[in-house]
Amino acid sequence: MSRYFEDFKLGEVITHATPRTLTAGDQGMYMALYGSRFALHTSAPFAQAIGYPAMPLDDLLVFHTVFGKTVPDVSINAVANLGYAQGVFRVPVVAGDTLRSESEVIGLKQNSNGKTGTVYVHTRGYNQRNDLALDYRRWVLVEKRDHDAPAPETTVPDLPDAVTAADLVPPAGFASDGYDCTAAGSDKRFADFQIGDKIDHGPGQTVEDAEHQLATRLYQNTAKVHFDGFAAQAGRFGKRLIYGGHVISLARAMSFNGLENAFALAAINGGTHKAPLFAGDTVYAWTEVLDKAEVGDQGAKPGALRLRTIATKNQPCNAFPSKDDDATILIFDYWAWCV
Amino acid sequence: MSRYFEDFKLGEVITHATPRTLTAGDQGMYMALYGSRFALHTSAPFAQAIGYPAMPLDDLLVFHTVFGKTVPDVSINAVANLGYAQGVFRVPVVAGDTLRSESEVIGLKQNSNGKTGTVYVHTRGYNQRNDLALDYRRWVLVEKRDHDAPAPETTVPDLPDAVTAADLVPPAGFASDGYDCTAAGSDKRFADFQIGDKIDHGPGQTVEDAEHQLATRLYQNTAKVHFDGFAAQAGRFGKRLIYGGHVISLARAMSFNGLENAFALAAINGGTHKAPLFAGDTVYAWTEVLDKAEVGDQGAKPGALRLRTIATKNQPCNAFPSKDDDATILIFDYWAWCV
Amino acid sequence: MSRYFEDFKLGEVITHATPRTLTAGDQGMYMALYGSRFALHTSAPFAQAIGYPAMPLDDLLVFHTVFGKTVPDVSINAVANLGYAQGVFRVPVVAGDTLRSESEVIGLKQNSNGKTGTVYVHTRGYNQRNDLALDYRRWVLVEKRDHDAPAPETTVPDLPDAVTAADLVPPAGFASDGYDCTAAGSDKRFADFQIGDKIDHGPGQTVEDAEHQLATRLYQNTAKVHFDGFAAQAGRFGKRLIYGGHVISLARAMSFNGLENAFALAAINGGTHKAPLFAGDTVYAWTEVLDKAEVGDQGAKPGALRLRTIATKNQPCNAFPSKDDDATILIFDYWAWCV
Chain R
1 MSRYFEDFKL GEVITHATPR TLTAGDQGMY MALYGSRFAL HTSAPFAQAI GYPAMPLDDL
61 LVFHTVFGKT VPDVSINAVA NLGYAQGVFR VPVVAGDTLR SESEVIGLKQ NSNGKTGTVY
121 VHTRGYNQRN DLALDYRRWV LVEKRDHDAP APETTVPDLP DAVTAADLVP PAGFASDGYD
181 CTAAGSDKRF ADFQIGDKID HGPGQTVEDA EHQLATRLYQ NTAKVHFDGF AAQAGRFGKR
241 LIYGGHVISL ARAMSFNGLE NAFALAAING GTHKAPLFAG DTVYAWTEVL DKAEVGDQGA
301 KPGALRLRTI ATKNQPCNAF PSKDDDATIL IFDYWAWCV
Chain V
340 MSRYFEDFKL GEVITHATPR TLTAGDQGMY MALYGSRFAL HTSAPFAQAI GYPAMPLDDL
400 LVFHTVFGKT VPDVSINAVA NLGYAQGVFR VPVVAGDTLR SESEVIGLKQ NSNGKTGTVY
460 VHTRGYNQRN DLALDYRRWV LVEKRDHDAP APETTVPDLP DAVTAADLVP PAGFASDGYD
520 CTAAGSDKRF ADFQIGDKID HGPGQTVEDA EHQLATRLYQ NTAKVHFDGF AAQAGRFGKR
580 LIYGGHVISL ARAMSFNGLE NAFALAAING GTHKAPLFAG DTVYAWTEVL DKAEVGDQGA
640 KPGALRLRTI ATKNQPCNAF PSKDDDATIL IFDYWAWCV
Chain S
679 MSRYFEDFKL GEVITHATPR TLTAGDQGMY MALYGSRFAL HTSAPFAQAI GYPAMPLDDL
739 LVFHTVFGKT VPDVSINAVA NLGYAQGVFR VPVVAGDTLR SESEVIGLKQ NSNGKTGTVY
799 VHTRGYNQRN DLALDYRRWV LVEKRDHDAP APETTVPDLP DAVTAADLVP PAGFASDGYD
859 CTAAGSDKRF ADFQIGDKID HGPGQTVEDA EHQLATRLYQ NTAKVHFDGF AAQAGRFGKR
919 LIYGGHVISL ARAMSFNGLE NAFALAAING GTHKAPLFAG DTVYAWTEVL DKAEVGDQGA
979 KPGALRLRTI ATKNQPCNAF PSKDDDATIL IFDYWAWCV
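Protein chains in written order, with my numbering: chain R, 1 to 339; chain V, 340 to 678; chain S, 679 to 1017.
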């Protein structure tokens, strides 16, 4: 069942298994894993006051759930996760919703050595009403089963550096009048952020094996490198590797320190896992404001901040280490809604 | 309060304390602990499409909860858990249901050394409507408080090797027409399994102390060997021992790889914890198909597979190690419903 | 934003950020963290039978949530948590309720060295209907930013050793007739407890870093000493320090062994964290009955037991170690409702 490079066909749509009903239980577990404090995802009255019908689940819980379903079909034989692009959060997901995922193969490129190839997919996560909750593009380096299998025609999709602001989907019914900055934790609003601002997110979080395993199982992500410590002894790192999405969630939760009013994710422009994280390492993060966009009618709609969060291991971020710093493990470029 | 061997009376029914309302929170925690992917327990629409009124909680969460309540009364002074038999899952348990347990003493046999004896109980777990959700037999080796206490008359109940297929309780209202193999993750159906089939469940799961402790507390199982690392230093193993039920749940979740459509437990025929598991060990599992049974009208009812799962530690199962292999820690014999 | 000693003004009311909707998910996580067995918080039918409209969330989950919100404003620059007093549980909190916190500065006293000062706050936790769920006083030793800043006038509030029994708030609609001692786990009732009784709570619980981190994030408590192992290497202890509230919750859950019918917290008289706890340590606890009070009409109201729980590390409590024992880490003085 595990697909190798030569098993992917351009244009094929893969329906992934295991639809998942997310509940308050999953959100409670997510809270314990990251301690996020963005008020939209922790307070039902706060969410309702700004026009959400119910408190949405954390955006990254949705992302990891949609992503997790693709692993057995797309990346179980992946050598490397090369990137994400053009991810857009569309309909909020609330407790009781059921997510399912499908991936369309949008690009294929065999490597010159004939042993591996890059697969590009467009993954869509739907709720039980077939509303699109989230979609994104991703490309992974996948092994060939048979090195002699013929190479497919090379097709590389156009993947812009960032989602265009006009393509963001503002939360339906958003009512900025109901936004309570005191409850949210800061008076620093959209107008107060400037392009180029750098924000250190402060103290670090040391990660334990039990934590990242609980997280990765919650997402039903089955990649064995995260769980099988016995096999890992003979592997490249000699130990279990932490799911890159765990680092994204940690960094996003930490970013509350300074980004209190960047209350929800609007889009994922790109993500690079530059170096691996292992249990016992401590994660730090900082963010630079890359762009600002006013989307629609600012009387009712939130603004969008394009943010680039850099996470490091075992090095605080008060000196704003670059993406090329030896300590850098993650570069995560995204749009966030901000009042 | 802790019962010793001489405190058990044949025919006595012990009502265990602490009824437990299971919620979506418990199921979320269970998911994070094992990462199970059987669609019946992760997707409400999937469950409803095959006739369940609501998404049932994982069968083994139900088992561990019913079992946990018996520990303070039955096995707090146990030297060893000797076996399970004749366990039947009856009414599905859903979020919001409250489970309580009672155990009837159905057998007693003092050992020839006069220091210990075997206690046989028939444990029943009921929901808040007094429907029987699960019942099973179990026997444990219990210490005597007073070695001079007189031996009771020996009574050993008849405990067949397996639940008879006719005694299985198919899910009420089951509608096989609604079963979606793509969502469930495999096209391999009941008719495709043959007696004697051997299925390796693939990658292992390394277990951490935090994980098995979270699990065992979730089940309100109070056996101190699982929690008290200080006392354990002076004990037989020098460290905390992992609850055997944690291994059963891990192995069952792993068994999704190859048993995707064996969607729910029907019965527990037997379980043997052959060797202890400790934090840092990696669990692997494989399953053999022991029997097949068509139960009732196959147009509407699922079939039943009798399966024997063997779990090992620190040894992959691709070579199908026997139950007597040094690496084997669990032999779990059960019936599963399969479309 | 982080307040130093000179930033606190007598009479000021600080509204803390991040209101928090607590759900069944949080209660499920709490259960996995501590394994509490008090029936009021684990069985909805039990709760309803004694007059609660719904199963309340664990009292200490409520306390930690209210407390966690105060950390960024009150104690992020604290050198030490000096004490709690006059904490009263008022309206039960159920799944779906949203808690918010505010703290009134009720005392200030600069230390003679001019580098630190004690801040006294009265913290109130409200639900979404503005009912007071819990309030308590707390005092912390806070650093000054500027050692030359003028000292405020010294004001030290009157903080009695214990909440007066007349100030306790019995559960509304309590119906003792519906109390089921078998379900609760013991026939030892209010009348059976005597002042001076000492109760050992039995086996210990070894604590892992993953566990206390999950707990402390669940409470959105951001104190970096609990999470940042890299920074801790250069600190006073060389490692992460476990949140004191985690020890309180462990000790309370353990106290079920002997206090089965002391079914809910009524008040917190005081709490002292005498020594730090680290991952790998094993916690034990014992309790002394300090006082008994009949509150209102005993036909319908529960009695109140004033209890002092002492928790130790790496030393069992069967010999009832004193509060001054080297192994003692916590002295927790509280009132509990008991039938």
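Quick reminder that beta carbons are idealized off the backbone N, C-alpha and C, glycines included.
- Here the alpha carbons of S/Arg815 and S/Pro750 stand approximately 17 angstroms from one another.
- The beta carbon of S/Leu896 falls within 9 angstroms of a beta carbon belonging to chain R, placing the residue at that interface.
- Its chain contains Gly792 and Lys793 as the residues whose beta carbon lies nearer than 6 angstroms to that of S/His825, once the 5 sequence neighbours on both sides are disregarded; these appear in chain order.
- For R/Glu211, the three-state secondary structure derived from DSSP is helix.
- At a beta-carbon threshold of 7 angstroms, the residues of chain S lying near V/Lys563 are Pro881, ordered along the chain.
- Distance from the CA of V/Asn560 to the CA of V/Glu351, rounded to the nearest whole angstrom, comes to 22 angstroms.
- C-alpha of S/His890 to C-alpha of V/Gln572: approximately 22 angstroms in a straight line.
- Within its own chain, the residues whose Cβ lies closer than 6 angstroms to the Cβ of V/Glu627, once the five positions on either side in sequence are excluded, are Lys537 and Arg647, listed in chain order.
- Contact residues of the segment 748 to 781 of chain S toward chain V are Ala773 (C-beta to C-beta distance below 9 angstroms).
- Within the same chain, Arg645 and Arg647 come within 6 angstroms of V/Leu629 by CB-CB distance, once the 5 residues on both sides are set aside.
- Secondary structure note for R/Tyr84: its beta strand (DSSP E) is the uninterrupted segment Ala78 to Phe89.
- Nearest neighbour of V/Ala522 by Cα position, chosen from V/Arg376, V/Phe347 and V/Tyr343, turns out to be V/Arg376.
- Between the alpha carbons of R/Gly271 and R/Tyr84 lies a gap of roughly 6 angstroms.
- Around the CB of R/Ala275, fewer than 16 other CB atoms lie within 10 Å, so the residue is classed as exposed.
- The beta carbons of S/Gly882 and V/Phe569 sit about 6 angstroms from each other, so the pair counts as a contact at 8 angstroms.
- With respect to chain S, the C-beta atom of V/Asp548 has a partner C-beta closer than 9 angstroms.
- 9 angstroms or more divides the Cβ of V/Asp531 from the Cβ of V/Asn596.
- Listed along the chain, the chain S residues whose CB falls inside 8 angstroms of the CB of V/Ala570 are Pro881, Gly882, Thr960 and Pro994.
- No Cβ of chain S is located within less than 9 angstroms of the beta carbon of R/Ala251.
- For the pair of segments examined, the segment 849 to 868 of chain S was found not to touch the segment 168 to 180 of chain R: the number of CB pairs separated by less than 8 angstroms stays below three.
- Assignment of S/Cys1016 by DSSP, reduced to helix, strand and coil, places it in the strand class.
- Annotation for V/Thr667: Lys613, Ala614, Ile649, Ala650, Thr651, Pro660 and Ser661 place their beta carbon closer than 8 angstroms to its own, counting only its chain and skipping 5 residues before and after.
- Neighbours of R/Asp59 in chain V, taken as residues whose beta carbon is under 9 angstroms from its own, are absent, since the nearest beta carbon is some 18 angstroms off.
- Its Cα nearest to that of R/Ile195, the residue R/Ala293 stands out among R/Ala293, R/Glu260 and R/Ala264.
- Within 10 angstroms of the beta-carbon of S/Glu780 lie 16 or more other beta-carbons, which makes it buried.
- Beta-bridge pairing by DSSP links S/Asp969 to S/Arg984.
- Between V/Phe529 and V/Cys677 a beta carbon distance of about 5 angstroms is seen, short of the 8 angstroms cut, so the two are scored as contacting.
- The residue among R/Leu108, R/Thr42, R/Tyr126 and R/Gly25 with its C-alpha nearest the C-alpha of R/Phe63 is R/Tyr126.
- At a cut-off of 9 angstroms between beta-carbon atoms, R/Leu134 makes no contact with chain V.
- Scanning the segment 30 to 64 of chain R from its first residue to its last, the whole alpha helix (DSSP H) runs of 4-plus residues come out as 44 to 49.
- Shown in chain order are the members of the segment 1 to 30 of chain R whose Cβ falls below 7 angstroms from a Cβ of chain V: Thr15, Ala17, Thr18, Pro19, Arg20, Thr21, Thr23, Ala24, Gly25, Asp26, Gly28 and Met29.
- At least one CB atom of chain S sits nearer than 9 angstroms to the CB of V/Ala554.
- Residue R/Thr18 holds the alpha-carbon nearest to the alpha-carbon of V/Ser525 among R/Leu10, R/Thr18, R/Tyr4 and R/Phe5.
- In terms of beta-carbon proximity, V/Arg579 stays away from the interface with chain R, with every pair separated by 9 angstroms or more.
- Residue-level contact by beta carbon fails for R/Asn269 and chain V, as no gap is shorter than 9 angstroms.
- Look at R/Thr70 here: in three-state DSSP terms it is helix.
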